[in-house]
Amino acid sequence: MQEASFASRSENRALLVSAIHLAASGDAAGLRNVYDLTSAKLFGICLRICADREAAEDVLQDVYVKVWRRAASFDASRASPVSWLAAIARNAAVDWRRAEHRHDAIPDEAMAEIADDAPLADTLMEGDEERLRLLVCLEGLPSEQSGAIRSAFLQGLTYQQLADRSDTPLGTVKSWIRRGMLRLKDCLGHG
Amino acid sequence: MVDAAEEQDRGALAAELALGLLEGAERAQALRLCLSDPVFAREVEGWTTRLSPLLDALPPVLPSSRVWHTVAARIGAAPEAPSPNRLHAWRAGALMSGAIAAALALFVVLRPVEPTARMPMAVSQLKGTNEAQVLAISYDPHNGILQVGSQAEPGDGKHAELWVIPQDGVPRSLGMMAHQGGAIPVDPAMRPLIAAGATLAVTMEDPATAPHAAPSSLPVMTGKISMI
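Chains Z and X supply the protein sequences, listed in that same order.
Heads up, the first sequence is in UniProt numbering, so the first residue is 1 and it goes up one at a time.
Heads up, the second sequence is in UniProt numbering, so the first residue is 1 and it goes up one at a time.
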């Protein structure tokens with residue numbers, strides 16, 4: 001069954017890549033396929049970062065219009081299609097938060113939840129190698145480094161906001177992130 | 001020539017821009033560098049995709065159908081017939097047919113995002129016109145496996161096929177159900193569809209040609225997935 005599920009995962013990826021290529025050629029049906037395959041996942045990302053359903057739907061619209069415009073620049077040899085799409089959604093949602101100046105509206109509980117979002121490596125779905133490697137590498141970092149990286153990435157907080165949140169000097173937060181990212185890159189590079 | 005310290009600084013800058021940590025002049029400078037230096041731009045993109053698996057931890061949620069309609073309008077795609085009507089017609093027909101009316105109770109256990117917090121769970125029940133036959137279905141999103149309870153064995157050579165109907169109203173086959181019940185692995189592409197608000201339905205179909213692209217008959221049971 002693991003083999004079957006692996007086959008269908010790569011099949012799914014191929015399906016998504018061909019849908020993106022179709023969209024790149026200007027075929028709206030291609031974008032519709034991309035939408036059907038990914039909208040729930042991308043909406044989950046937008047919803048979590050925007051914390052507002054209506055705003056998240058507006059952001060999601062922009063995401064698919066961006067995908068439509070950028071489809072030709074997608075390079076399947078450099079990124080998985082899902083990672084590429086997720087990155088566009090995440091960046092659009094974070095930009096929306098920036099524009100709205102809504103960082104302070106995030107309740108503290110949400111921060112705590114975000115920090116716990118990544119499950120332990122051993123609870124991952126089988127075969128999800130990219131994610132497994134990232135989580136193993138993140139777990140290898142001191143918790144303040146991995147926590148700061150997760151909060152920054154999943155919420156788009158600035159250095160100053162991270163410092164305020166954790167009641168830590170700005171310079172310390174900067175060095176957590178910088179050291180953490182260096183070690184992370186090293187770990188992923190050798191994984 | 002770029003020395004090691006400078007290279008390290010640029011690496012840090014790329015990571016900081018990808019994480020969205022920079023503000024004001026620093027951010028403007030990094031964005032300019034992105035435009036003028038393809039190597040730097042690729043480094044930023046590399047960080048974004050490297051970190052994006054973190055986003056997999058966020059649970060999928062179906063957006064409302066207005067999102068696609070607006071996207072289609074904005075890219076100039078031909079408007080589609082509003083699809084939810086398909087579901088409404090299908091479901092209304094099912095409720096009126098009363099053929100093998102039954103009740104379907106769905107217990108959907110969603111994987112807890114925060115291991116220590118409450119475990120989200122879904123339950124729903126839809127009554128038919130006859131004496132209720134209750135079918136329990138649980139779902140483990142972690143492994144993508146539906147566990148289906150046993151049902152009465154059909155006498156006409158047809159078997160029960162399970163469908164999920166997301167908000168677009170189009171039924172997608174999840175596969176045939178054995179009458180003694182058991183596990184149904186869900187194709188990864190279908191997993192995001194098994195979410196709160198979607199409908200599960202059962203129709204009687206010919207097992208020889210399964211799985212089907214569309215149901216050939218009205219559903220004998222339907223139930224909505226909702227979280228508790």
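Glycine included, each C-beta is placed from N, C-alpha and C at the ideal position.
Because the structure is a prediction, the values reported are computed rather than measured.
Could you name the residues of chain Z that residue 20 of chain X contacts, counting a contact when the two beta carbons are closer than 7 Å? Position 20 of the second sequence, counting from 1, holds the residue named residue 20 of chain X. Result: 94, 152 and 156.
Exercise. So what does DSSP say about residue 43 of chain X, is it helix, strand or coil?
Worked result: Stepping through the second sequence from its first residue, residue 43 of chain X is reached at position 43. Three-state result, residue 43 of chain X: helix.
Query raised in the report: What does residue 189 of chain X touch in chain Z if you count any residue whose Cβ is under 8 Å from its own?
Result: Stepping through the second sequence from its first residue, residue 189 of chain X is reached at position 189. Within chain Z, the residues near residue 189 of chain X are 8, 12, 15 and 37.
**Between the CA atoms of residue 61 of chain X and residue 35 of chain Z - distance to the nearest angstrom** = As a working mapping, residue 35 of chain Z is identified with position 35 in the first sequence. As a working mapping, residue 61 of chain X is identified with position 61 in the second sequence. Roughly 13 Å separates the two Cα atoms.
Just to confirm my understanding: we take residue 165 of chain X, look at its own chain, exclude 5 residues before and 5 after, and list those with CB closer than 7 Å. What are they? Indexing the second sequence from 1 puts residue 165 of chain X at position 165. Correct list, in chain order: 87, 171, 198, 199 and 201.
* **Burial state of residue 170 of chain Z, where buried means 16 or more other Cβ atoms lie within 10 Å** => Taking the first sequence and counting its residues from 1, the one referred to as residue 170 of chain Z is at position 170. Exposed, since its Cβ has fewer than 16 Cβ neighbours within 10 Å.
Proximity winner among Z:28, Z:80, Z:188 and Z:71, relative to residue 139 of chain Z (alpha-carbon distances): Your numbering for residue 139 of chain Z matches position 139 in the first sequence. Answer by Cα proximity: Z:188.
Inter-residue Cα distance where the pair is residue 24 of chain X and residue 176 of chain X = Locating residue 24 of chain X in the second sequence gives position 24, counting from the first residue. Locating residue 176 of chain X in the second sequence gives position 176, counting from the first residue. Going by the C-alpha atoms only, they are around 57 Å apart.
Mind checking whether the beta-carbon of residue 137 of chain X lies closer than 7 Å to any heavy atom of the ligand HEM?
Absence of the ligand HEM from the depicted structure is noted, as is the absence of any ligand whatsoever, leaving it without description.
Original post:
Is the region 142-152 of chain Z touching the region 79-90 of chain Z in the sense that three or more CB pairs, one from each, lie closer than 8 Å?
Top reply: The region 79-90 of chain Z makes no contact with the region 142-152 of chain Z; the number of CB pairs closer than 8 Å stays below 3.
Per DSSP, which residues does residue 224 of chain X bridge with? Please list them. Taking the second sequence and counting its residues from 1, one reaches residue 224 of chain X at position 224. Note: residue 224 of chain X sits in a beta bridge opposite X:199.
Exercise for the section: Evaluate contact between the region 24-40 of chain X and the region 10-27 of chain Z, counting only Cβ atoms and requiring at least three cross-stretch pairs below 8 Å. Expected result: no
| Looking only at C-alpha atoms, which of Z:165, Z:150, Z:168 and Z:166 sits nearest to residue 15 of chain X? | Here residue 15 of chain X corresponds to residue number 15 of the second sequence, with the count starting at 1. Ranking Z:165, Z:150, Z:168 and Z:166 by Cα distance to residue 15 of chain X puts Z:150 first.
For the region 23-57 of chain X, which residues have a CB atom closer than 7 Å to at least one CB atom of chain Z, in sequence order?
-> If the cut-off is 7 Å between Cβ atoms, the region 23-57 of chain X has 23, 48, 49, 50, 51, 52, 53, 54, 55, 56 and 57 near chain Z.
Option nearest residue 45 of chain X by Cα separation, candidates X:173, X:35, X:18 and X:53 | Counting from one through the second sequence, the residue named residue 45 of chain X turns up at place 45. When only C-alpha atoms are compared, the closest one is X:18.
- Query: CA-CA distance, residue 23 of chain Z and residue 17 of chain Z?
  - Reply: On the first sequence, residue 23 of chain Z is found 23 positions in, with the first residue counted as 1. On the first sequence, residue 17 of chain Z is found 17 positions in, with the first residue counted as 1. Looking at the two C-alpha atoms, the distance is approximately 10 Å.
For residue 177 of chain X, name the three-state secondary structure that DSSP assigns.
Residue numbering aside, residue 177 of chain X sits at position 177 when the second sequence is read from its first letter. DSSP places residue 177 of chain X in coil when its eight states are reduced to three.
Since residue 182 of chain X sits in a beta bridge, which residues does DSSP pair it with?
Along the second sequence, one-based indexing puts residue 182 of chain X at 182. Per DSSP, X:148.
Requested in this report: Have a look at X:65, X:149 and X:22 and flag the residue whose alpha-carbon is nearest the alpha-carbon of residue 181 of chain X.
Outcome: As a first step, residue 181 of chain X must be located in the second sequence, where it is residue number 181. Out of X:65, X:149 and X:22, X:149 has the C-alpha closest to the C-alpha of residue 181 of chain X.
**Prompt:** Should the region 188-195 of chain X be regarded as contacting the region 205-223 of chain X, the criterion being three or more beta carbon pairs within less than 8 Å?
**Reply:** no
Using a Cβ-Cβ cutoff of 9 Å, what residues of the region 44-58 of chain Z are near chain X? List them in chain order. 44, 45, 46, 47, 48, 49, 53, 56, 57 and 58
Task: Under 7 Å by beta carbon: chain Z residues contacting residue 70 of chain X - done: As a first step, residue 70 of chain X is located in the second sequence; it is residue number 70 there, counting from the start. One finds 61 in chain Z with Cβ atoms closer than 7 Å to the Cβ of residue 70 of chain X, taken in chain order.
**Message:** According to DSSP, simplified to helix, strand and coil, what is residue 160 of chain X?
**Reply:** As a working note, residue 160 of chain X is residue 160 in the second sequence. Reduced to three states, the DSSP call for residue 160 of chain X is strand.
inquiry  = Please tell me whether residue 59 of chain X and residue 39 of chain Z are closer than 8 Å, where the distance is taken between their beta carbons.
reply    = Numbered from its first residue, the second sequence carries residue 59 of chain X at position 59. Numbered from its first residue, the first sequence carries residue 39 of chain Z at position 39. No; because the gap between Cβ atoms is not below 8 Å, this pair is not in contact.
Are residue 86 of chain Z and residue 52 of chain X close, meaning C-beta to C-beta below 8 Å? Residue 86 of chain Z sits at position 86 when you count from the first residue of the first sequence. Residue 52 of chain X sits at position 52 when you count from the first residue of the second sequence. In contact: residue 86 of chain Z and residue 52 of chain X (Cβ atoms closer than 8 Å).
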